[in-house]
Structures are given as C-alpha cells and as structure tokens.
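Offset between the sequence shown (1-based) and my numbering: plus 7.
Contents: one structure, followed by commentary.
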Amino acid sequence: MTITQDKSAPLVAVVGATGVQGGSVILALSESKDPYRIRGFTRDTNKETAQKLSKDGVEMIAVNLTVENKEKVFEAFQGADFAFAVTNYWEHMTKDRYTFCGQEVAEGKMLIDAANAAKVRLIAWSGLSSIVKNTNGKYRAPHFDGKEEVTEYARTLVGGVPVVDVQAGIYMQNYKTMMAPKKEADGSFKIIGVGSGEMTLPLIDAVLDYGLFIRRAIEGPKYERFSTICVYGEELSKDQMAQVLATATGKDVKYTGLTEDQLVESFRANGWPEPMVRDVQGVYCGTSEAGYYGKHDVTHGRDGLARAPVTWAEFVKREDWSEVLQ
Numbered sequence: 008m009t010i011t012q013d014k015s016a017p018l019v020a021v022v023g024a025t026g027v028q029g030g031s032v033i034l035a036l037s038e039s040k041d042p043y044r045i046r047g048f049t050r051d052t053n054k055e056t057a058q059k060l061s062k063d064g065v066e067m068i069a070v071n072l073t074v075e076n077k078e079k080v081f082e083a084f085q086g087a088d089f090a091f092a093v094t095n096y097w098e099h100m101t102k103d104r105y106t107f108c109g110q111e112v113a114e115g116k117m118l119i120d121a122a123n124a125a126k127v128r129l130i131a132w133s134g135l136s137s138i139v140k141n142t143n144g145k146y147r148a149p150h151f152d153g154k155e156e157v158t159e160y161a162r163t164l165v166g167g168v169p170v171v172d173v174q175a176g177i178y179m180q181n182y183k184t185m186m187a188p189k190k191e192a193d194g195s196f197k198i199i200g201v202g203s204g205e206m207t208l209p210l211i212d213a214v215l216d217y218g219l220f221i222r223r224a225i226e227g228p229k230y231e232r233f234s235t236i237c238v239y240g241e242e243l244s245k246d247q248m249a250q251v252l253a254t255a256t257g258k259d260v261k262y263t264g265l266t267e268d269q270l271v272e273s274f275r276a277n278g279w280p281e282p283m284v285r286d287v288q289g290v291y292c293g294t295s296e297a298g299y300y301g302k303h304d305v306t307h308g309r310d311g312l313a314r315a316p317v318t319w320a321e322f323v324k325r326e327d328w329s330e331v332l333q
C-alpha cells in the first residue's frame with residue numbers, strides 16, 4: 008500500500024470514493040509503487056466504507072456534490088494534482104417520465120470547472136459515448152448522452168487542463184444484478200439482449216479493474232488533451248459469455264436475442280420505472296446498432312496497464328452464482 012500523507016507525493020482527488028469506480032481508482036493507486044496522497048469525496052464520512060478508507064490513509068471529506076453547494080465543491084479540489092470525476096445518473100432519474108438529466112450534466116460540468124480552477128495536472132473524467140449521436144437520433148439513453156455532453160463541455164474550456172475521457176465497459180457485476188440470466192420454465196437460463204449472439208461486448212470487473220485505466224492515465228505517457236480510453240478487461244461474444252457461465256456452474260445457460268418490443272416488456276416485468284426501461288432500451292438497442300463505444304478505437308484499450316485485467320472466466324469462477332442461478 009503506497010497511500011501516504013507525505014506532502015511531496017501528488018494529491019489525487021477522487022469523486023465517489025466509496026462507490027464502484029472511485030473505490031477502484033483508490034485500489035489501483037494503492038497498488039502502485041509510486042506514493043500518492045488521496046482525498047476521497049463522499050456525502051457521509053461516518054459510513055463503514057468511508058471509515059475503512061480513512062484507516063487506510065485516505066483523506067476522507069464530506070461534501071455534497073450539487074450545484075447549490077458549488078463553493079464547497081470548488082474548495083474540496085484545491086491543492087489536488089490530479090482529479091477523478093464521475094456522476095451518477097441513476098440518483099437523478101425521475102420516476103414518472105423519460106427525461107434528459109440536466110441536473111447530472113450540470114453537476115458534471117461543475118466538477119470539471121472545480122478541477123480546472125484547482126489547476127490540476129490532469130482530469131480523468133468517467134464519460135460514455137452518446138447513444139443519440141451514434142444512432143443519429145434513433146435511440147436515446149440519457150445516462151450515456153449526458154456524460155458525452157459533459158465531455159464536450161470540457162473541450163470548450165480555453166486554457167483548461169488536460170481531460171482524459173475514461174469510458175467504462177459493461178460491468179461484469181451487472182450479470183449478477185440487473186442483467187442477470189432469466190430462468191425459464193424448463194429450468195434453463197437465458198441471458199437476454201438484442202441482436203446476434205456473435206456480437207462482442209466489452210466487459211470489465213469494475214470493482215477490481217476500472218481504476219487500472221485511471222492509474223495508467225496518471226502514470227503513463229502524456230495523453231492527447233482530449234483522448235478517450237475505452238475500458239474493458241475482455242471482449243467476448245454473447246454466446247461465449249453464456250457458454251463460459253454454463254461450463255463453470257453446470258447450469259444450462261444460453262444467450263437469447265429478443266425483439267425490441269420483447270426487450271421492453273422484459274424490463275417492465277422486472278418492475279423497473281418507465282424512465283429506466285427507456286434508458287436501458289436505448290443502451291441495448293443503440294449499442295447493438297452502433298457499437299458500445301461508437302466510433303472510438305478500442306484496439307489499444309488495455310495497453311500499458313499495471314497488470315492484466317480480470318477475464319470473464321476468472322470473474323465467473325470467483326463469484327458465487329447460487330442465488331442468481333436458482
């Protein structure tokens with residue numbers, strides 16, 4: 008562990024320190040041979056995760072990252088050498104309507120402004136590729152589209168610090184929760200989606216490996232001012248994913264491609280609010296049509312990492328699937 012309080016070490020400000028991505032960033036930096044001071048942002052420093060990080064040497068500060076609290080947010084970034092910024096669409100999603108999330112976008116822009124005002128060396132921004140742009144307006148997915156609006160805003164800042172757009176692939180963890188295989192009447196399980204089972208998906212163990220890409224941005228060669236890093240541990244076809252899961256668990260698991268209407272009805276059957284149904288519909292259908300990262304090149308996505316990221320087979324073997332496949 009190389010988290011330190013030595014003031015000669017660079018200070019990294021980490022938004023969402025107790026969340027999946029922020030926690031992964033802290034983990035990756037703690038594994039480095041280079042020492043770092045880390046300042047973690049959270050709403051509640053008394054929660055168990057925050058207390059553990061504090062014991063590990065992270066400077067945990069309580070700050071509400073809202074536009075109304077802008078002055079405190081700007082103060083929180085002061086003195087930082089690097090910044091990791093992320094927003095959470097889901098906490099802003101309205102329950103009764105499908106909406107473009109202006110509040111999330113405003114908060115993302117505020118984080119960019121705050122890190123710029125602190126004159127950090129680099130901002131690592133957790134972006135995503137716009138579905139509405141990639142599909143020429145055919146599909147929308149606010150939690151993707153809003154992230155790209157923040158990225159574009161960062162590009163307009165004259166004299167601003169370098170910003171790297173670090174786009175997370177599909178969390179492997181999602182296949183134990185919202186994307187978990189569905190049980191059929193005959194006892195078999197199906198992973199659902201749209202399109203062919205031969206289509207590949209970029210998968211990432213978000214807890215262990217997302218932070219590796221942020222660490223690469225901080226420690227590696229200088230990136231172009233607005234470069235994009237496509238984050239994935241492995242690209243596998245949907246059929247291959249199902250086969251790996253079946254082999255490891257001894258269950259009958261297959262990929263099943265649905266029509267768009269069937270997909271929507273499946274989401275509604277989960278009891279999801281309509282905005283979530285429409286957003287995830289846009290993600291499934293839009294990425295199936297235009298690719299997960301749109302026009303961004305994923306060829307060199309894993310080059311220069313400190314260690315090899317977890318594969319789908321390794322993740323499946325490590326995890327307990329008894330409650331998912333029952």
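A virtual CB, placed ideally from N, CA and C, is assigned to each residue, including glycine.
Everything numeric in this text was worked out from a predicted model, so none of it was measured.
Residue pairing from DSSP places G264 in a beta bridge opposite G200. When only Cα atoms are considered, N53 and A69 end up about 9 Å apart. Checking the DSSP bridge columns, you'll see M67 partnered with G47. P228 counts as exposed, since fewer than 16 other beta carbons sit within 10 angstroms of its beta carbon. Residue S295 holds the alpha-carbon nearest to the alpha-carbon of T207 among V170, S295 and G257. S39 carries a coil assignment under DSSP once its states are collapsed to helix, strand and coil. For T142, the CB contacts under 7 Å within the same chain, skipping 5 residues up- and downstream, are G293, E296 and A297 in chain order.
Taking all protein chains shown into account, V201 has 16 or more neighbouring C-beta atoms within 10 Å of its C-beta and is therefore buried. With a beta-carbon spacing of about 5 Å, A131 and I221 fall inside the 8 Å limit used to define contacts. Our two residues, E111 and E155, have alpha carbons roughly 12 Å apart in a direct line. With a cutoff of 8 Å on beta-carbon distance, A92 and V22 are scored as near each other. I45 is positioned such that its CB atom lies closer than 8 Å to that of V65. Taking the Cα of A253 as reference, the smallest distance to any Cα among F84, G218, M67 and K324 is reached at K324. DSSP places A90 in the uninterrupted beta strand (DSSP E) bounded by F89 to A92.
Comparing alpha carbon positions, the residue from L129, E159 and D88 closest to G115 is E159. With respect to the C-alpha of D152, the residue from K145, R162, I138 and T163 having the closest C-alpha is I138. In the structure shown, Y300 falls within a coil segment according to DSSP collapsed to helix, strand and coil.
Scanning its chain for C-beta atoms nearer than 8 Å, with the 5 sequence neighbours on each side dropped, one finds around V127 the residues A20, F84, A87, D88, F89, A90 and V168, in chain order. In the DSSP annotation of this structure, L252 is not part of any beta strand (DSSP E); the continuous alpha helix (DSSP H) holding it starts and ends at K245 to T256.
Apart from sequence neighbours up to five positions away, the residues of its chain that approach Q180 with a beta-carbon distance below 7 Å are A213 and V214, ordered along the chain. Going by DSSP, P149 is part of the alpha helix (DSSP H) stretching over P149 to R162. For a cut-off of 8 Å, the C-beta gap from A175 to I211 is around 6 Å, short enough to register as a contact. If you draw a straight line from the Cα of S244 to the Cα of F81, it is about 43 Å long. R50 and L18 have their C-alpha atoms some 20 Å from each other.
Collapsing the DSSP output to three states places K14 in coil. A Cβ-Cβ distance of about 7 Å is found for the pair A313 and S39, placing them in contact under the 8 Å criterion. Under the three-state reduction of DSSP, P282 is assigned to helix. Inclusion of G240 and V171 in the CB contact set at 8 Å is not warranted, their separation being larger than that value. Judged by DSSP in its simplified three-state form, Y178 adopts strand.
According to the DSSP assignment, T235 belongs to the beta strand (DSSP E) that extends over T235 to V238. If you look at L129, you'll find it in the beta strand (DSSP E) that goes L129 to W132. A direct Cα-Cα distance of roughly 15 Å separates D259 from E330. Rounded to the nearest angstrom, the Cβ distance from E205 to D246 is 6 Å, consistent with a contact under 8 Å.
The beta carbons of L60 and G47 sit about 6 Å from each other, so the pair counts as a contact at 8 Å.
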